[in-house]
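Letter 9 of the sequence shown, counting from 1, is numbered 811 in the working numbering, and no numbers are missing.
We treat Cβ as the ideally placed atom computed from N, Cα and C, and that holds for glycine.
Below you'll find the structure, written out as structure tokens, and then a few comments.
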Amino acid sequence: MTAVLMDGKSVAARVREDVADQVETLVEQTGVRPGLATILVGDDPASQVYVASKRKSCVAAGMLDLHRHLLATTTQRELEAVVDELAGDPAVSGILVQLPLPDHLDPDAVIARIPASKDVDGLTTASAGLLARGLPGLRPCTSAGVVELLDAYSIPLDGAHAVVVGRSALVGKPLAQLLVARNATVTTCHSRTASLAEHTVRADIVIAAAGVPGLIDARGVRAGATVVDVGIHRTPTGLCGDVDFHSVRAVAGHLTPVPGGVGPMTIAMLLSNTVTAARHTVSR
Ligand code: NAP
């Protein structure tokens, strides 16, 4: 068997087109154009690239780019004041603080100031609580992107056994909750899990979000299973994920490549969250 590759680039492009349509509809119906406020503190090169890409995608989808670039010497109080100002600004639909922040700043305290209604990264405790309780809210972008990608390839979730490898607040934990909400039976594995492959090999869907290159190989995948690789690692020969792509491709039914799988879905879901946030703001 050779796995069908799940093309995150083309699914993300479809999501972005759909978001652009939703933006124009919202503008026609309400006169409100959604606006995304990204906040970058300092000049970390990788963060600059990520933020630039988010801003470009936001403009391409017809939304306002309300970016703030702050000096690396910005104090906690100054940064929190900027978040508070954006939180109170009706032109701002969504707020995203690019992480990591410089070492002298406390990211948790900054993120806690983002109202759940503008939390387009889905990372606040309030958003996590809404997800845990199964209430409507903005979901973390990468986790939501994985579910969107599974849906795009019509992978059944209802009654499926999914194994999520990783339990971070950013990816693994919210993803497990999103899958449970879709009636999957979910096993969460982590660094203390004994005999990881014995769990993953029983799964209909394996989602690798451990940050360990090549952690999942063919021995941990049942024939025909769906394997989603969230991991991203830079190597001298290019990017790779948490899945040993070549061995797993020979046994899996569906597989995401790295790059071009989950990565493009993350920004697409950020845009989707921003238009959702804008719609809720005008309907309140
Ligand atoms: P993280 O915060 O480092 O969490 C990693 C999780 O994996 C932890 O729960 C850890 O367990 C678990 N883990 C580590 N080693 C393991 C092992 N040998 N066996 C089983 N579980 C293991 O990382 P993250 O932020 O969730 O990100 C995970 C990966 O996804 C990274 O490669 C990251 O770059 C990538 N990522 C990609 C995107 C995207 O857009 N594609 C977005 C976000 C993250 P413990 O809890 O026991 O420590």
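Taking Cβ to Cβ, would you say residue i is nearer than 9 Å to residue j?
i: P976; j: R941; result: yes
i: P836; j: G896; result: yes
i: V1064; j: D1031; result: yes
i: G1055; j: G1033; result: no
i: A814; j: V1029; result: no
i: R870; j: V851; result: no
i: V899; j: I913; result: yes
i: D1044; j: A1070; result: no
i: H963; j: I1007; result: yes
i: V853; j: S1074; result: no
i: L872; j: E880; result: yes
i: A996; j: A1027; result: no
i: L980; j: V948; result: yes
i: A862; j: R818; result: yes
i: I1018; j: V1050; result: yes
i: T1037; j: P1015; result: yes
Could you check if residue i belongs to the surroundings of the ligand NAP, using beta carbon to heavy atom distance under 8 Å?
i: L980; result: no
i: A946; result: no
i: C860; result: no
i: T1068; result: yes
i: V1032; result: yes
i: D867; result: no
i: D1019; result: no
i: A964; result: no
i: G1062; result: no
i: H1082; result: no
i: L1073; result: no
i: V1014; result: yes
i: G1065; result: yes
i: R818; result: no
i: D1046; result: no
i: H1035; result: yes
i: T995; result: yes
i: A1011; result: yes
i: H1056; result: no
i: R1004; result: no
i: D969; result: Note that residue 969 is Arg in the sequence shown, not Asp. For the ligand NAP, at least one heavy atom lies less than 8 Å from the Cβ of R969.
i: H992; result: yes
i: C933; result: The question names Cys, yet the displayed sequence has Leu at residue 933. No, the ligand NAP has no heavy atom inside 8 Å of this Cβ.
Using the C-alpha atoms, what's the distance from residue j back to residue i?
i: Q930; j: G924; result: A small fix is needed here, since residue 930 is Ala in this sequence, not Gln. Going from the Cα of A930 to the Cα of G924 covers about 7 Å.
i: R1081; j: A889; result: 16 Å
i: M803; j: G864; result: 42 Å
i: I916; j: T927; result: 10 Å
i: V973; j: A983; result: 15 Å
i: T1076; j: K920; result: 8 Å
i: T1078; j: V825; result: 9 Å
i: A911; j: T840; result: 17 Å
i: T990; j: G968; result: 7 Å
i: Q831; j: S993; result: 49 Å
i: Y955; j: Q878; result: 44 Å
i: I855; j: R816; result: A small fix is needed here, since residue 855 is Ser in this sequence, not Ile. So the alpha carbons of these two residues sit roughly 17 Å apart.
i: G833; j: S1085; result: 12 Å
i: I1009; j: H906; result: 34 Å
i: A978; j: S812; result: 25 Å
i: D935; j: H1001; result: Note on identity: in this sequence residue 935 is Arg, with Asp being the wrong assignment. Between R935 and H1001, the C-alpha separation is close to 27 Å.
i: D823; j: E887; result: 29 Å
i: L1072; j: E882; result: 22 Å
i: C943; j: A971; result: 12 Å
i: V1053; j: T1083; result: 46 Å
i: D953; j: S945; result: 13 Å
i: D846; j: D891; result: 27 Å
i: L1041; j: I957; result: 26 Å
Closer than 8 Å by C-beta to residue i: which residues in its own chain qualify, once you throw out the five before and the five after it? Chain order, please.
i: L866; result: R835, P836, G837, L838, C860 and A893
i: V1003; result: R1021, G1022, V1023 and R1024
i: A918; result: T926, A928, S929, L932, G939 and L940
Taking 7 Å as the limit between beta carbons, can you name the residues of its chain near residue i, skipping five residues before and five after?
i: G810; result: L951, T1058, G1062, G1063, V1064, G1065, P1066 and M1067
i: T876; result: V843
i: L807; result: L1057 and P1059
i: L901; result: P909
May I ask whether a heavy atom of the ligand FMN can be found less than 8 Å away from the beta carbon of residue i?
i: V973; result: As far as ligands go, the structure on display features the ligand NAP and does not contain the ligand FMN.
For residue i and chain B, any beta-carbon pair shorter than 9 Å?
i: D1031; result: The structure shown contains no chain B, having only a single protein chain.
So, at 6 Å on beta carbons, what are the nonlocal neighbours of residue i in its own chain, with the 5 sequence-adjacent residues on each side left out?
i: S874; result: Checking the sequence shown, residue 874 turns out to be Ala, not Ser. Closer than 6 Å at the Cβ level, and outside the excluded window around A874, lie G844 and P904.
i: D960; result: N985
i: D829; result: Going by the sequence as given, residue 829 is Val instead of Asp. Cβ neighbours of V829 beyond the five flanking positions: R835.
i: D1046; result: G1016 and D1019
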